[in-house]
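In short: position in the sequence shown from 1, add 1, done, that's this note's numbering. We treat Cβ as the ideally placed atom computed from N, Cα and C, and that holds for glycine.
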Amino acid sequence: MKATCWMGRNTVEVREVPDPRILNSRDAVVRITSSAICGSDLHLYDGYVPTMKKGDILGHEFMGEVVEVGPKVSTLKVGDRVVVPFPIACGNCTSCEHGMYSVCENSNPNAGLAEKLMGHAPSGIFGYSHMLGGYPGGQAQYARVPFADVGPIKIEDDLPDEKVLFLSDILPTGWMGAEMCDIKPGDTIAVWGAGPVGQFAVASAYLMGAERVICIDRFPYRLRLAERAGAEALNYEDVDVLDTLRDMTAGRGPDACIDAVGMEAHHPTPAMYAYDRVKQAARLETERPYALREAIMACRNGGIVSVIGVYGGVLDKFPMGSLMNRSLTLRSGQCHVQRYLKPLLAKIRDGEIDPSFVITHRMRLEDAPRGYEMFKNKTDECNKIVLTP
Ligand SMILES: [Zn+2]
Ligand SMILES: [Zn+2]
2 MKATCWMGRN
12 TVEVREVPDP
22 RILNSRDAVV
32 RITSSAICGS
42 DLHLYDGYVP
52 TMKKGDILGH
62 EFMGEVVEVG
72 PKVSTLKVGD
82 RVVVPFPIAC
92 GNCTSCEHGM
102 YSVCENSNPN
112 AGLAEKLMGH
122 APSGIFGYSH
132 MLGGYPGGQA
142 QYARVPFADV
152 GPIKIEDDLP
162 DEKVLFLSDI
172 LPTGWMGAEM
182 CDIKPGDTIA
192 VWGAGPVGQF
202 AVASAYLMGA
212 ERVICIDRFP
222 YRLRLAERAG
232 AEALNYEDVD
242 VLDTLRDMTA
252 GRGPDACIDA
262 VGMEAHHPTP
272 AMYAYDRVKQ
282 AARLETERPY
292 ALREAIMACR
302 NGGIVSVIGV
312 YGGVLDKFPM
322 GSLMNRSLTL
332 RSGQCHVQRY
342 LKPLLAKIRD
352 GEIDPSFVIT
362 HRMRLEDAPR
372 GYEMFKNKTD
382 ECNKIVLTP
């Protein structure tokens, strides 16, 4: 089959690789009909996630048709149409039983690697480094799906791929980012990052009853998409974000702040940007956490900071004093996607949300290298790319 392979920093290639096959009794093999390139794939592309190996198959947002099932998968049959969540979860461990699927205790065969860096291991994730299991991803023609009786959700009506594909990651991730804010009617929420996850966090915050949602980015076309989801846009290259947020909230600050940026944030002040860029390039810190620092400083006293942007390791100049002295709550997590599949599919079916509004580019799988380049450099107003084999 053809698959998008990580070949080193800034290099992906679509290569011929062996077809996946059933390895365990709870596996399924899915023929992929649509997959997507995620903002978090750019952290791999840029070479900032440790434990990638040349030839690793990328992609954790995919859906398709079941072509083979293991003997213990009774919930799916050949021919079923499914969306596959990005975290791989067994469904039986203590974490899974508590709905914490992205920290499943049984799905990461390389837990030891992750433990060295993080203390304890999270779940395996498709196409996202060996530390997270070394699973081949779904920017390919086929994928093996472990624990296929737990993760994939069947799409039984005629909703097109583009409306349901993002159940695999970015829609539930944006939703969980808003859910962690404990939104009450009248709340003001600020979202750093107007990429697809930020756009979904904006839409989710309104569905949960927020009165105002403010979105912060520097790309006008991304801010326009956030505005279409109802947000008030702030371009941090034009305004001082902390001052402006204070002015917009009668001096108090937003009730909750969502970091939908993660480890490769950009900063408009050259000196500040240089500090973290140099340290990150020298591998002295793995993150450039400007958005997170600003989200903490901006949040009102007693408010919540919700982190859904991806981080990989350790960071500098974390404003712990602000967090502690002002009674802030910090929440985070890779999305527990399996939890949200059914309720969010129902919202899509009812027309409460149509996630396809984030798509700007549709490409053949073979064009994935061009897609990565374009998405990285934000050329042609690239917001979200869907790949079809
Ligand atoms: Zn993703
Ligand atoms: Zn589990």
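Can you tell me whether residue i is buried or exposed? The criterion is at least 16 other CB atoms within 10 Å of its CB, across all chains shown.
i    : result
H61  : buried
T174 : buried
M181 : buried
G194 : buried
E295 : buried
E265 : buried
G152 : buried
P86  : buried
A282 : exposed
A275 : exposed
D159 : exposed
V165 : buried
A257 : buried
F307 : Residue identity differs from the one stated: residue 307 is Ser in this sequence, not Phe. It counts as buried.
M375 : buried
V311 : buried
V391 : Residue 391 cannot be examined here, being either before or after the span of the chain that is shown, 2 to 390.
N384 : buried
D248 : exposed
R350 : exposed
Which residue wins for smallest C-alpha separation from residue i, given the options the options?
i    : options                   : result
S205 : R145, T389, K385 and I171 : I171
E157 : I89, L346, R371 and R365  : L346
I386 : T361, T380 and R371       : T361
R289 : D277, L366 and C300       : D277
S108 : G120, M119, K117 and M132 : M132
V70  : R145, E116, S357 and N93  : R145
P21  : C105, V13, T12 and M2     : M2
V18  : G56, G322, M119 and H44   : G56
I354 : E163, E367, K73 and S41   : E163
R203 : L243, T245, I259 and D244 : According to the sequence as given, residue 203 is Val; it is not Arg. For the residues L243, T245, I259 and D244, the minimum Cα distance to V203 belongs to I259.
M364 : V31, S35 and V311         : S35
E212 : L226, I190 and F220       : I190
M209 : R225, N236, M177 and R219 : M177
G334 : A261, P356, K343 and D241 : A261
T5   : Q339, F220 and E367       : E367
G9   : I38, V50 and I23          : V50
Can you tell me the Cβ-Cβ gap for residue i and residue j, rounded? I've got them flagged as a contact below 8 Å.
i    : j    : result
M53  : V84  : Incorrect: roughly 25 Å between the Cβ atoms, too far for contact.
R444 : F148 : As shown, the chain starts at 2 and ends at 390. That puts residue 444 outside it, with no answer to give.
G187 : P255 : Rounded, the Cβ-Cβ distance is 12 Å, inconsistent with contact.
H337 : Y102 : 5 Å
G40  : V198 : 7 Å
Q140 : L59  : 5 Å
V68  : R32  : 5 Å
Helix, strand or coil for residue i, going by three-state DSSP, please let me know.
i    : result
M325 : helix
S124 : coil
D57  : strand
E374 : helix
C216 : strand
M364 : strand
S41  : helix
P356 : helix
R301 : coil
V338 : helix
E106 : coil
A149 : coil
I386 : strand
K23  : According to the sequence provided, residue 23 is Ile. The question's Lys does not apply to it. Coil at I23, not helix or strand.
S205 : helix
T34  : strand
L316 : coil
M181 : coil
E116 : helix
V18  : coil
N282 : Checking the sequence shown, residue 282 turns out to be Ala, not Asn. Reduced to three states, the DSSP call for A282 is helix.
Y49  : coil
Which partner residues does residue i have in the DSSP bridge list?
i    : result
W193 : I217 and D260
R289 : E265
W7   : V13 and D57
K155 : V83
I89  : G125
A227 : For A227, which the question treats as bridged, DSSP gives no partner whatsoever.
R332 : S307
G65  : I33 and V83
L235 : I217
V70  : A29
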